[in-house]
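In my numbering, the protein residues as written are 44 to 183. We put the beta carbon where it would ideally sit given N, CA and C, even for glycine.
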């Protein structure tokens with residue numbers, strides 16, 4: 044996770060905690076894909092590398108997701124990118140498609156931002172955290 048992605052993750056965590064959730068936040072190096080089964084709400088963040096690609100450190104986790112059934116899970120995705128490339132924040136789109144394929148319901152608007160998130164974008168992140176918590180509370 045880059046500092047930019049981490050900054051947005053912190054805002055999302057803040058919003059989820061404000062909504063009363065117990066939050067687990069991990070960098071991809073410290074996470075296993077099968078742990079996603081343990082949570083009602085899943086928010087995944089990744090920066091986009093090169094021309095719309097997942098970052099190298101995310102590939103193993105992403106491929107390990109193939110064996111999961113995330114039916115009934117509420118999910119959202121966020122990430123940073125660079126508008127000078129033809130595919131802006133392609134990693135966000137790739138992860139969103141994967142989550143849908145695995146049965147997750149994309150319950151919040153995915154957040155894409157250029158480089159570091161602005162204050163307005165961080166507020167959007169806090170709102171996403173609150174939204175996912177609210178939806179999982181209703182579903183659970």
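- Query: What beta strand (DSSP E) runs, 3 residues minimum, are completely inside the stretch 106 to 147?
  - Reply: Whole beta strand (DSSP E) segments, 3+ residues: 117 to 124.
- Alpha carbon to alpha carbon, how far is residue 86 from residue 150? So the two alpha carbons sit approximately 10 Å from each other.
- Helix, strand or coil at residue 96 [DSSP, three-state]: When secondary structure is reduced to three states using DSSP, residue 96 falls in the strand class.
- Task: Please classify residue 157: does DSSP put it in a helix, a strand, or coil?
- Result: strand
- Item | Local conformation of residue 63 per DSSP, three classes | coil
- Query: Exposed or buried, which one is residue 90 when buried takes at least 16 other CB atoms within 10 Å?
  - Reply: buried
- Assuming residue 47 contacts residue 159 under a Cβ cut-off of 8 Å, what Cβ separation, rounded to an integer in Å, is found between them? At roughly 5 Å, the Cβ-Cβ gap stays under 8 Å, so residue 47 and residue 159 are in contact.
- Cut-off 8 Å between Cβ atoms - residues of its own chain near residue 129, not counting five sequence neighbours on either side: 94 and 95
- Task: Spell out a yes or no on whether the stretch 142 to 157 and the stretch 166 to 176 are touching, meaning 3 or more CB-CB pairs, one atom from each, closer than 8 Å.
- Result: yes
- Query: Do residue 104 and residue 74 have their C-beta atoms closer together than 8 Å?
  - Reply: yes
- Message: With H, G and I counted as helix, E and B as strand and the rest as coil, what does DSSP make of residue 170?
- Response: helix
- Measuring CA to CA, which of 78, 70, 52 and 142 is closest to residue 117? 142
- Message: Strictly under 8 Å for the Cβ-Cβ distance: is residue 71 near chain D by that measure?
- Response: Going by chain labels, chain D is absent from the structure shown, which holds only one protein chain.
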